[in-house]
Amino acid sequence: NEEKLSEDDDKQTISAYDGKQPDVPQHTNETYDYLPQDYALTELDLCAHIVIEDSSEKEILVKIDQVCVKQCDLRCLLDGAKWLKDDVINSYIYCIQEVHEQNKNDHKVYFENTFLAGLLKRDGKIGIHEATFMTKIVGNYLKHDMIHLPINIEHSHWYLACVNVEKSEIQVLDSLCWEHNRVDLTNTLQGLQYHLDILKTQENMNNHNWKDLDVTKWTITEQLHNPIQKDSSSCGLFMLKFMEYWTGHTLTHSITQENIIDFRYKLAAILLCWKTNTAQGDPNDVMLLESLDDENRPKPINSLSIEKRYQSLISVVSYMSVDELEGGLCNYIKSIGPAEILEKVWVQSSDPYPISLTLKRLQGMLNEELPMECDCFNLVIRKIMFDDIQTVKKRKGLISKHYLDMRFWMITDFGRHPTYRKKLDVEQLAYSVRSWPGIKYNVSSCKTIHIPIQANNGFILFVLAKDTRTVYILDPTPTDPIYQRNRYAKYVPKLLWISEHLPKAMSKACPGSTWNENIFLWHQQIISNIPIHNRELSGYLITLFMSTWDDEKLNLPFLKDGYELRKQILGKLLTFKKNECEVNMRAGVLDIINCIGNIQTNMNVKI
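Under full-length UniProt numbering, the residue at position 583 of the sequence shown is numbered 583, and the numbers go up by one with no gaps.
Rendered as structure tokens:
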């Protein structure tokens with residue numbers, strides 16, 4: 001097995017850092033100044049874990065070189081199911097680099113960080129034709145024998161690409177052995193090649209030992225052929241160990257899933273207690289490590305330092321993608337536990353009628369076992385409509401799609417026994433189908449009306465197309481076997497109910513319009529080839545269908561899974577410009593939301 005070293009090989013292997021280094025730390029009450037290979041937790045490590053758990057989420061606990069790691073990001077190391085954050089990865093990369101330089105190895109290795117490796121990938125995608133600051137960094141690569149590049153398959157996986165100058169070879173170490181997906185590596189190497197090509201045109205290019213500067217033509221070799229990762233969250237940890245152990249020919253230590261599980265918890269302590277960690281921290285966070293006699297002594301916080309570090313963080317956040325920002329925001333929301341905070345209203349809109357969403361209800365949107373609440377659904381529909389209105393205003397066009405939210409369906413009292421059904425309030429029903437505020441338009445002139453309904457804990461969408469007199473049925477819920485021979489039978493009671501109540505509403509809202517007709521007599525068409533998921537996700541899918549329906553067809557974006565959709569919709573909901581309760585959000589949350597909103601505005605993206 002190529003992933004494991006034989007016992008004989010292991011005996012002959014010398015650590016790239018310090019072959020005389022003992023397995024047990026000597027300075028358990030101070031700091032780490034080496035990379036321990038024994039992952040048993042010491043008292044120092046346990047104290048570090050306590051500090052991490054008891055610190056505030058925004059507090060920067062680690063600052064190594066220019067990389068800052070907040071408590072909420074460092075906590076991913078204390079949860080075996082979490083992916084590693086970029087800043088956590090980069091912090092340990094700097095630790096590896098420091099030890100490598102400290103031991104003055106003859107073998108010159110360049111350890112690149114995730115941010116700059118990502119810029120190489122970006123350059124490979126878009127192409128560059130003139131020197132940038134990255135060209136100078138690539139020029140520094142030429143002074144080294146190996147360059148370790150962390151490669152990320154977006155939202156999926158980390159692996160290591162080693163540029164081996166001696167062999168003119170790109171060596172891939174992938175804990176999952178995903179040999180089928182090397183697009184990100186190809187783009188990264190292409191970006192590297194662009195900068196090398198620019199360097200070729202410059203003077204003083206002879207002072208290097210690279211035999212071949214055409215890296216895109218180098219052989220790519222997979223160093224592992226059988227997966228050694230057994231879970232879905234440890235790829236970043238494996239990649240760090242590959243960086244630490246790979247010599248260009250072999251791994252100096254064997255790496256197993258069991259090692260990596262232990263390393264995860266050890267890494268949290270290594271970073272917090274690293275010798276060059278210059279994070280000042282909040283004095284209240286480290287009280288456990290101080291004398292008990294001092295516990296009542298006031299401890300001033302360097303607010304200016306915190307402000308500078310916070311602004312530094314926001315400057316980094318501004319370069320992140322919407323997906324990355326939404327992911328971080330959702331992880332933060334899921335981590336909030338105190339009941340008094342969860343009961344705060346984070347999103348509120350009063351026009352055309354009041355809807356308030358507490359943080360607890362927003363948190364529930366990320367729970368894959370829970371269906372979408374009607375208030376959440378209605379506010380998302382409100383945002384879709386208001387976004388459409390803004391687009392129409394900019395383009396000086398006309399509103400062609402009219403969206404109903406769940407009020408229309410709820411007012412009709414579908415499914416309730418006649419004995420317990422409320423008396424129909426026709427005025428309220430008519431109000432639920434009237435035009436939205438923000439722009440003057442007549443519902444009778446709209447080409448389509450979108451009517452969402454809810455039945456049996458699942459959401460379904462009916463799109464009424466006026467010009468063709470067609471009812472399109474979009475149903476993302478599983479079909480009961482009893483309807484296999486006649487799929488339309490499932491929708492007959494619901495269509496009859498709509499055809500009975502819609503004219504009653506439209507007779508007051510749009511008298512004499514096409515929408516007063518009996519839509520049950522219209523042509524009915526079930527849209528096929530739409531994603532079918534569990535009922536809990538159907539509300540989120542219906543909002544997606546409503547926003548992407550155009551010219552009698554769906555234009556669905558690619559989605560990795562149901563959680564990705566939940567995350568995106570929550571992220572977009574938090575950026576609702578008409579939110580009246582932003583004051584209840586923390587400043588850092590608002591900054592991230594503003595970054596997301598700015599990117600969406602620039603890209604002209606709507607939910």
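Note that CB positions come from ideal geometry on N, CA and C, so glycine has one too.
TODO: Could you name the residues that DSSP lists as bridge partners for Trp246?
DONE: The residue you call residue 246 lines up with position 246 of the sequence shown. Looking at the DSSP assignment, Trp246 forms a beta bridge with Leu251.
Open item on the list: Per the DSSP calculation, Ala455 is bridged to which residue(s)?
Closed with: As a working mapping, residue 455 is identified with position 455 in the sequence shown. Paired residue(s): Gly458.
Open item on the list: Does Val322 pass the burial test, meaning 16 or more other C-beta atoms within 10 Å, or should it be called exposed?
Closed with: For the purposes of this step, residue 322 is identified with residue 322 of the sequence shown, where counting begins at 1. When all chains shown are included, Val322 counts as buried.
Open item on the list: Distance check for Gly327 and Cys581, CA to CA, integer angstroms please.
Closed with: Stepping through the sequence shown from its first residue, residue 581 is reached at position 581. Stepping through the sequence shown from its first residue, residue 327 is reached at position 327. Taking C-alpha positions only, Cys581 is separated from Gly327 by approximately 22 Å.
Open item on the list: DSSP has Tyr32 in a bridge; who is on the other side?
Closed with: Position 32 of the sequence shown, counted from the first residue, corresponds to residue 32. DSSP links Tyr32 through a beta bridge to Trp274.
Open item on the list: Would Leu240 pass as an interface residue toward chain B - the criterion being a Cβ-Cβ separation below 8 Å?
Closed with: Absent from the structure is chain B; it holds one protein chain and no more.
TODO: Could you tell me how far apart the beta carbons of Ile460 and Asp475 are, in whole angstroms, since I believe they sit closer than 8 Å?
DONE: Start at 1 with the first residue of the sequence shown, and residue 460 comes out as number 460. Start at 1 with the first residue of the sequence shown, and residue 475 comes out as number 475. Going by Cβ atoms, the distance from Ile460 to Asp475 rounds to 5 Å, so yes, they are a contact pair.
Task: Sequence-distant residues of its chain with Cβ nearer than 8 Å to Leu554 (five each side left out) - done: In the sequence shown, counting from the first residue as 1, residue 554 sits at position 554. Scanning its chain for C-beta atoms nearer than 8 Å, with the 5 sequence neighbours on each side dropped, one finds around Leu554 the residues Leu474, Ile527, Ile530, Phe545, Thr548, in chain order.
TODO: Tell me whether the beta-carbon of His49 lies closer than 8 Å to the beta-carbon of Ala279.
DONE: Here residue 49 refers to the residue found at position 49 when the sequence shown is read from its first residue. Here residue 279 refers to the residue found at position 279 when the sequence shown is read from its first residue. For His49 and Ala279, no; Cβs fall outside 8 Å.
Open item on the list: By the three-class DSSP mapping on this structure, what secondary structure does Tyr265 have?
Closed with: Residue 265 sits at position 265 when you count from the first residue of the sequence shown. Correct three-state label for Tyr265: helix.
- [ ] Specify, as a first and last residue, the run of the beta strand (DSSP E) that Met146 falls within.
- [x] The residue labelled residue 146 in the question sits at position 146 within the sequence shown. Where Met146 is concerned, the enclosing beta strand (DSSP E) stretches over 146-153.
Task: Outcome for Lys70 when other beta-carbon atoms lying within 10 angstroms are tallied against a minimum of 16 - done: Residue numbering aside, residue 70 sits at position 70 when the sequence shown is read from its first letter. Classification of Lys70: buried, given that the 10 Å Cβ count is 16 or more.
TODO: Measure the Cβ-Cβ separation of Trp522 and Thr470 and say whether it is below 8 Å.
DONE: The residue you call residue 522 lines up with position 522 of the sequence shown. The residue you call residue 470 lines up with position 470 of the sequence shown. If you check the CB distance, Trp522 and Thr470 come in under 8 Å.
- [ ] Would you kindly report the start and end of the unbroken alpha helix (DSSP H) that includes Thr219?
- [x] Within the sequence shown, residue 219 is the residue found at index 219, counting from 1. Segment 219-222 is the beta strand (DSSP E) holding Thr219; no alpha helix (DSSP H) there.
Task: In chain order, each beta strand (DSSP E) run of at least 3 residues that lies wholly inside the stretch 352-430 - done: When DSSP assignments are scanned along the stretch 352-430, the uninterrupted stretches of beta strand (DSSP E) that are 3 or more residues long and fall wholly within it turn out to be 355-358, 401-403.
Task: CB of Met385 within 8 Å of CB of Gly539, strictly - done: On the sequence shown, position 385 is the one that residue 385 refers to. On the sequence shown, position 539 is the one that residue 539 refers to. Contact: no.
Task: Beta-carbon contacts of Lys504 that lie in its chain and below 7 Å, excluding the five residues immediately before and after - done: On the sequence shown, position 504 is the one that residue 504 refers to. Val426, Leu429, listed in sequence order.
TODO: Within the stretch 30-88, note down every full alpha helix (DSSP H) run reaching 4 residues or more, in order along the chain.
DONE: As for any alpha helix (DSSP H) of minimum length 4 sitting wholly inside the stretch 30-88, the runs are 43-54, 71-74, ordered along the chain.
Task: Enclosing alpha helix (DSSP H) for His195 [first to last residue] - done: The residue you call residue 195 lines up with position 195 of the sequence shown. 183-200 is the extent of the alpha helix (DSSP H) around His195.
TODO: Whole angstroms is fine: what's the gap from Pro354's alpha carbon to Lys447's?
DONE: Counting from one through the sequence shown, the residue named residue 354 turns up at place 354. Counting from one through the sequence shown, the residue named residue 447 turns up at place 447. Roughly 28 Å between the two C-alpha positions.
Open item on the list: Does Pro452 pass the burial test, meaning 16 or more other C-beta atoms within 10 Å, or should it be called exposed?
Closed with: Residue 452 sits at position 452 when you count from the first residue of the sequence shown. Here Pro452 is buried: its Cβ has 16 or more other Cβ atoms, across all protein chains shown, within 10 Å.
Task: Whole-number beta carbon distance between Ile89 and Gly236, since they are thought to touch under 8 Å - done: As a first step, residue 236 is located in the sequence shown; it is residue number 236 there, counting from the start. As a first step, residue 89 is located in the sequence shown; it is residue number 89 there, counting from the start. With a contact defined as Cβ atoms closer than 8 Å, Gly236 and Ile89 qualify at about 5 Å.
Open item on the list: I need the DSSP call for His157, collapsed to helix, strand or coil.
Closed with: In the sequence shown, residue 157 corresponds to position 157, counting from 1. DSSP places His157 in the strand class (E or B) of the three-state scheme.
Task: C-alpha distance - Glu57 paired with Asn331, whole-angstrom precision - done: Here residue 57 is taken as the residue at index 57 of the sequence shown, counted from 1. Here residue 331 is taken as the residue at index 331 of the sequence shown, counted from 1. The alpha-carbon atoms of Glu57 and Asn331 are separated by roughly 12 Å.
- [ ] Return the CA-CA distance between Val62 and Tyr431, expressed in angstroms with no decimal places.
- [x] Counting from one through the sequence shown, the residue named residue 62 turns up at place 62. Counting from one through the sequence shown, the residue named residue 431 turns up at place 431. If you draw a straight line from the Cα of Val62 to the Cα of Tyr431, it is about 55 Å long.
- [ ] Please name the residue in His533, Ser499, Gly512 whose C-alpha comes closest to that of Asn518.
- [x] Position 518 of the sequence shown holds residue 518. The residue among His533, Ser499, Gly512 with its C-alpha nearest the C-alpha of Asn518 is Ser499.
- [ ] Taking only runs that begin and end inside the stretch 504-588, name each unbroken alpha helix (DSSP H) of 4 or more residues, in chain order.
- [x] If we require 4 residues or more, the alpha helix (DSSP H) runs fully inside the stretch 504-588 come out as 535-548, 562-574.
Task: Where Trp346 sits in the DSSP three-state scheme - done: Translated into positions along the sequence shown, residue 346 becomes position 346. DSSP places Trp346 within a strand segment (E or B) once states are collapsed to three.
Task: Exposure of Arg421, with buried meaning 16 or more beta-carbon neighbours within 10 Å - done: What you label residue 421 is simply residue 421 of the sequence shown in a count that begins at 1. It is exposed - the Cβ of Arg421 has fewer than 16 other Cβ atoms within 10 Å.
Open item on the list: Going by DSSP in three states, His180 sits in which element: helix, strand or coil?
Closed with: Mapped onto the sequence shown, residue 180 falls at position 180. Coil, per DSSP.
Open item on the list: If you measure between the beta carbons of Ile341 and Leu362, is that distance less than 8 Å?
Closed with: Within the sequence shown, the letter at position 341 stands for residue 341. Within the sequence shown, the letter at position 362 stands for residue 362. Judged by beta-carbon spacing, Leu362 lies beyond the 8 Å limit of Ile341, meaning their Cβ atoms are not closer than that value.
TODO: Inspect the beta-carbon positions of Val51 and Leu329 and report whether they are closer than 8 Å.
DONE: To locate residue 51, count along the sequence shown from 1; it is residue 51. To locate residue 329, count along the sequence shown from 1; it is residue 329. Between Val51 and Leu329, the CB-CB gap reaches or exceeds 8 Å.
Task: Proximity winner among Cys376, Leu502, Lys334, relative to Ser349 (alpha-carbon distances) - done: Translated into positions along the sequence shown, residue 349 becomes position 349. Check the Cα spacing between Ser349 and each of Cys376, Leu502, Lys334: the tightest is with Cys376.
Open item on the list: Could you compute how far the alpha carbon of Gln257 sits from the alpha carbon of Trp246?
Closed with: Position 257 of the sequence shown, counted from the first residue, corresponds to residue 257. Position 246 of the sequence shown, counted from the first residue, corresponds to residue 246. Approximately 17 Å between the Cα atoms of the pair.
Task: Exposure of Arg264, with buried meaning 16 or more beta-carbon neighbours within 10 Å - done: Reading the sequence shown from its first residue, position 264 is the one you call residue 264. Answer is buried; the Cβ neighbour count reaches 16.
Task: Per-residue DSSP class, three states only, for His450 - done: Start at 1 with the first residue of the sequence shown, and residue 450 comes out as number 450. Here His450 sits in strand by DSSP.
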